[in-house]
Structure formats: C-alpha cells, structure tokens
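These notes concern the structure reproduced below.
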Amino acid sequence: MELPPLEVVIKLILLQLGGTLLLFLLIRQCFVWKGRKYFPPLTSGSVLLTGTSSGIGRTAAVYLAQRGFTVLAGVRKESDAQALRDLGVSGIHPVIIDVAKASSVEACRQHVLSLLDAKTVPPLVGVVNNAGLLQDATVEFHDMAQMRHMFEVNYFGLISVSSAFLPLLRRPPGSSSPHPNHQGRLINIGSVSGKVSFPRYGAYAASKHAVEAVTDSLRAELDPAGVSVSLVQPGFCRTELFIRGVVREKKEAHAAGHQIVSRGGGGAWKGERGREGGTVERRWCGGMLEPVPPAAKEAYPYLYTPKFEEKNRRPMENGSDPLVVCEAIHHALSSPYPRTRYPVAKINRADVGVVFLVRMLLPDRMFDHKFLLNC
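Residues 276 to 650 in this note's numbering are what the sequence shown spells out, letter by letter.
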C-alpha cells in the first residue's frame, strides 16, 4: 500500500487542527452567549469619563455626548476644561480631577454630587476610567519615582475614582428593581499590554495587568449589586495627537539619543536623580523626553537600534481609528447585554483578539522571539 505524500499528510493534520480550534471557539461562544446577563439598557444619563484632555478620552467624550449622554469630562487643568467647552458640543460638562490625588478625587465627587442634587445634570449612570499615562524604559533602568507615579495614575487612580463614585451606581440593598440612578455601569480602559508585555514597556504592562485583575474582582463583587463592570482592551489607535506627537517624538528622541518616559496624564518631573547619581534635566513637548542612560544602551543595545525603533513605531503609525474604542465604550454603557471584555483595535493590522489567541497558544520563548524580539 502506497503512503500519501508528506505534504498531503501535513495538510490533513493542519485541516484537522483548524477544525478542532474552530469547534472549540464555537463551543466557547455558546458558553459566552449562555452566560450573558441582562442589565437595563441606557440611552441617556450622566457619565463620568476621566482623561478627556486629548486622545481617546476626548474623542469618546464627543462620541457619547452626540449619542444622548451627559459627559462629565474629567481633566486636570482649567485650560483643558476650556478647550472642551470651546468644542461647542452640547452635553459635555468639564470637571477638574487629578486621579492621582485623593483630595482632587474627593473634590470632584463633591462637585458632581452638587450637580446631581441641583438637577443640573441627569442621574449618574456610568463611570469610565480612562485616565492613564505611558512610560518607555527597560525594567532595570526605569526610574522608581516615575514608575510609582505611573501606578498612581493607571492603577491606584482607577481604584480611587471607582471607590468614590460606586455608591452612586450601586443598587440599594434589598431592591429587586434598580432605581434609574442605580443601573450603574463601570468601564475600565485597559490595554493590549494587560495581556502582552512589550520590551521597554514592562512597568506600563504591569500597571495594566493590575487593571485586568482588579476589574475581574470588581465585576464579581458588584454583580449582585446591579453594577455591570466591563474592561476595554485597546491595541494601538491612530489619534491625531498620537501620530503628530508620540510618533514624531519617538523619531526625534531616537535621533537625539533620548527616550520617552511619560505621556498621557502625567506631569513633568525635573531635576530627579538618575540611577548613576547627578541631576537629569528633561524637556517636555507633548511627552517627556530624557537622555537614555549610557548604561542602559550598553546593557540592552538590541533594544535601542534603529531597526527596533522602527519595529516599535510601526504599530503606532498603523493604528486603528479611535472610534472603535468609542464604540466599545458606548456598547458597554448602553447595551442590555454588556460584555465583560472588549478587545478592540489592531496591532500591525492584526486584531487584538487574534494577538491574545496567539499569545495563549504559543510557548513563551517562541512568542518572545517571533513577535517581541524579532528585530
């Protein structure tokens, strides 16, 4: 009996594996469908949205306001609040909040309570934790003060805001039918980095891993109280600020031997001490730049080559339209069946969900070398 050619055998094996994977995904989707939970659909009401001075947050504020929601748009500075007012979009009410400062969060809570009591705005129906910042440094040479500040914004700030406003979203004890002011939706903006840790962004990924974990706990804790909790996991998005700012800064930074150490909700630190002593001066131009420590380049030369910088920059330049994130936020706020997770946008034209699947299937070292260190 003649054996079939090796190519035919391989194709049959791959076909069988593909069919098995497809069957697994279909079965999983059936469980997802069966496990859905109904929440009263929302078409209006007030939504607190942090981090709206630029980028996805600002786009989402306009998107939600145009769809019937009153957006309490959180910004850190009055100048940013005025910039939102100047947009002339009905339904956007800027509020001052620095999520990294407990006093600012409490002041914002009191201000929102006064607006609700005076019926200046409709009842609060949702909180969207979007404020965040990004820092670029290897774990070994990441300034600890900067790292702690990033966690204050990305993780502890999220918890602080959630804890302050959850009493306004939670269903009253013993109530079987939620009051209109207690049909709460809590939405946390995570990142693809919550599942995939990229070189030079380890601390940022750690903060987003923490957001993933605490969102899971919040979802279980608040489910009996009538609060829906969702996590949006965006890949790279192509905002005007992102393309003209961060991508340009990365090109300029590499040419000048600098690295971006902060962007987003962070302020500018000046005169902090580096690991090797002395004072490091930094300049600000939409993101924060500082010289890459020579010791970092010496220890990790392969992470600071032009080829690696180009590999880092390409996903940003090929990012998705930020509207895909806005659509996910809107669905999590308004749908009678909000999802627990929203993997959206792309990385190098690959859907984030596909990236997560590949990350799960491949061995760690293979994924590292094929996708993270292939430079």
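Even for Gly, the Cβ is constructed at its ideal location relative to N, Cα and C.
- The alpha helix (DSSP H) runs of length 4 or more contained entirely in the region 368-434 are, from start to end of the chain, 377-392, 419-426.
- Taking the CA atoms as reference points, L297 sits about 30 Å from N463.
- Looking at Q458, H417, S379, the one whose alpha-carbon comes closest to that of A439 is S379.
- Residue pairing by DSSP puts K621 in a beta bridge opposite F511, D626.
- Annotation for Y313: P611 place their beta carbon closer than 6 Å to its own, counting only its chain and skipping 5 residues before and after.
- Under the rule that a run must span 4 or more residues, the alpha helix (DSSP H) segments found entirely inside the region 590-616 read 598-609.
- Ranked by Cα distance from T325, the options L292, I434, Q421 are led by I434.
- Counting only residues of its own chain and dropping the five nearest sequence neighbours on each side, P316 has a CB closer than 8 Å to the CB of S609, S610, P611.
- In this structure, I604 is the residue among P613, L647, I604 with its C-alpha nearest to the C-alpha of L339.
- In the three-state reduction of the DSSP assignment, F642 falls in the helix class, which pools H, G and I.
- Assignment of beta-bridge partners to G349 by DSSP yields V370.
- Taking 9 Å as the cut-off, the Cβ atoms of A375 and G310 do not count as close.
- In the three-state DSSP reduction, R475 falls in the coil class, being neither helix nor strand.
- Straight-line measurement puts the Cα of K286 at about 10 Å from the Cα of L292.
- Remark: C-beta atoms of V414 and G459 do not approach each other more closely than 9 Å.
- When secondary structure is reduced to three states using DSSP, V504 falls in the strand class.
- Distances from the alpha-carbon of R360 to those of E592, R384, T327 put T327 closest.
- Counted as a single uninterrupted DSSP element, the stretch harbouring R311 is not any beta strand (DSSP E), since DSSP gives it neither H nor E.
- Put simply, of P581, S319, L493, V489 the residue whose alpha carbon is nearest the alpha carbon of Q341 is S319.
- Taking 9 Å as the cut-off, the Cβ atoms of R640 and N593 do not count as close.
- At a Cβ-Cβ threshold of 9 Å, I331 and V350 do not count as neighbours.
- Sixteen is the threshold: since fewer than 16 other Cβ atoms of the shown chains lie within 10 Å of the Cβ of P499, the residue is exposed.
- Taking every protein chain shown into account, the CB of T334 has 16 or more other CB atoms within 10 angstroms, so this residue is buried.
- Straight across, the Cα-Cα distance linking F631 with A574 is about 30 Å.
- Taking the Cα of Y479 as reference, the smallest distance to any Cα among V627, P568, L461, Q410 is reached at Q410.
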